[in-house]
Amino acid sequence: MFDQKSILITGGSGSFGKMYVRRILQTYRPRRLIVYSRDELKQFEMQQAFNDPCMRYFLGDVRDKERLIQATRDVDFIIHAAAMKQVPASEYNPTECIRTNVNGAENVIAAALENNVDRVIALSTDKAANPINLYGATKLCSDKLFVAANNMAGGRQTRFSVVRYGNVVGSRGSVVPFFAKLIADGAPSLPITDPRMTRFWISLEQGVDFVLKNFERMRGGEIFIPRIPTVRILDLAEAMAPDHPTHVIGIRPGEKLHEIMCPADDSHLTYGFDDHYVIAPSIRFFHADMDYSVNALGERGTLVPSGFEYNSGTNPEVLDVETLRAFNAQAGS
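Heads up: the sequence shown is residues 0 to 332, going by numbering that gives the first Met the number 0.
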């Protein structure tokens, strides 16, 4: 569906953006593939690896609505990946987090509607479900904005959906490269926030493929969530550095022991499909009354039991040490 189409990805010079560009160029023949981000050095470095004639590199910030409107002219699809993601940095710099994650989301929506973009998918996070930190709270706001934007579209063709998933193996700022550097530097022990801690686990490649598939599945207004495994933090340390000592440093500001992707309070809106969940909108759309138990590909889901919660601490699929080691190696970490 991306052949001869124009695609723009905000935050496109980040980890997700680079993998997304690689996958698009390997699989499709887009008319234009636009990387929109504010870091000129990362864009310069990315141009050395991705210089296909369809590539375009636009410097700009999602806080700048006018620049976004310029960048999204004649664009068919938008992937909104730009965000301020670091939990502690967001706690200490709340206004900056709000400007990027909330105001930036509003600007992406405005630009998409101004230019009649066909479909928009915004990337979310498990931290947006029952948030306790500012990063999660701003991403929950962003999710709500993108869902409600389907009503703002009116008679326009533009449709908006959200993809929510967990920790991406090896992405910038994640625990895997942090542990790897400590190990390489000969650290005597690895810091563990809490030995009970668990996280949802997904590779960059899996995340990109899930987003691509959901452009085909989306009707507009849903939140897509992949069924992915859980990792225990102590198992991760053991997988990366067998028998290496660890020491507990305590939970950082705004951090949870376990993450949630489908809250129990949304169970009456949540449908289980073979490899993913869908949270339907809590609001009614005026242009259509859609059945989210069936997606645009004809795949059918069933309503989950009342009170169902998709929680990394109770997820039945848990990677053991050996499987985790193989998973991380396959993901390139």
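Don't be surprised by glycine CBs; every beta carbon is placed ideally from N, CA and C. For clarity, every value in this text was computed on a predicted model and none was experimentally measured.
9 Å Cβ cutoff met for residue i and residue j
i: Asn-213; j: Ile-120; result: yes
i: Cys-96; j: Leu-139; result: no
i: Met-260; j: Gly-165; result: yes
i: Ala-110; j: Ala-70; result: yes
i: Thr-137; j: Ala-80; result: no
i: Asn-114; j: Asp-142; result: no
i: Glu-254; j: Thr-313; result: no
i: Tyr-91; j: Pro-252; result: yes
i: Asn-100; j: Ala-82; result: yes
i: Leu-58; j: Gln-42; result: yes
i: Asp-125; j: Glu-221; result: no
Local conformation of residue i per DSSP, three classes
i: Asn-149; result: helix
i: Phe-159; result: strand
i: Gly-135; result: helix
i: Phe-199; result: strand
i: Arg-30; result: coil
i: Ser-8; result: Correcting the residue type first, residue 8 is Ile in the shown sequence and not Ser. Of the three classes helix, strand and coil, the one that applies to Ile-8 here is strand, per DSSP.
i: Pro-176; result: helix
i: Asn-327; result: helix
i: Ala-109; result: helix
i: Leu-318; result: coil
i: Asn-310; result: strand
i: Ser-36; result: strand
i: Val-167; result: strand
Rounded straight-line distance, which links the Cα of residue j to that of residue i
i: Val-86; j: Ala-127; result: 12 Å
i: Asn-129; j: Asp-264; result: 9 Å
i: Glu-246; j: Pro-187; result: One point to set straight first is that residue 246 is His, not Glu, in the sequence displayed. C-alpha separation (whole angstroms): 10 Å.
i: Ala-328; j: Ala-238; result: 10 Å
i: Val-61; j: Arg-37; result: 8 Å
i: Ala-236; j: Thr-197; result: 12 Å
i: Thr-229; j: Ile-131; result: 20 Å
i: Thr-26; j: Asp-208; result: 11 Å
i: Ile-77; j: Thr-157; result: 11 Å
i: Ile-182; j: Gly-249; result: 20 Å
i: Glu-44; j: Gly-206; result: 23 Å
i: Ile-15; j: Phe-1; result: Sequence inspection shows Phe at residue 15; the Ile mentioned does not correspond to that position. Roughly 18 Å separates the two Cα atoms.
i: Ile-33; j: Ser-292; result: 33 Å
i: Ile-282; j: Arg-218; result: 15 Å
i: Leu-144; j: Phe-159; result: 10 Å
i: Ile-108; j: Val-116; result: 10 Å
i: Pro-315; j: Ala-240; result: 25 Å
i: Tyr-19; j: Glu-204; result: 8 Å
i: Val-175; j: Tyr-276; result: 26 Å
Environment of residue i [buried if 16+ CB atoms lie within 10 Å]
i: Lys-180; result: exposed
i: Ala-104; result: buried
i: Thr-364; result: Outside the displayed range of the chain (0 to 332) lies residue 364, so it cannot be described from this structure.
i: Arg-118; result: buried
i: Ala-48; result: exposed
i: His-267; result: exposed
i: Ser-305; result: exposed
i: Asp-290; result: exposed
Cβ-heavy atom distance, residue i to the ligand ATP, below 8 Å
i: Leu-24; result: This structure simply doesn't include the ligand ATP, nor any ligand for that matter.
Any C-beta of chain C under 9 Å from that of residue i
i: Asp-234; result: The chain inventory of the structure shown lacks chain C, comprising one protein chain alone.
Whole alpha helix (DSSP H) elements within the region 45-107, 4-residue minimum:
64-70, 86-91 and 93-97
List in chain order: all unbroken alpha helix (DSSP H) runs of 4+ residues lying wholly within the region 218-256.
232-239
What runs of the beta strand (DSSP E), each 3 residues or longer, lie entirely inside the region 276-307?
none
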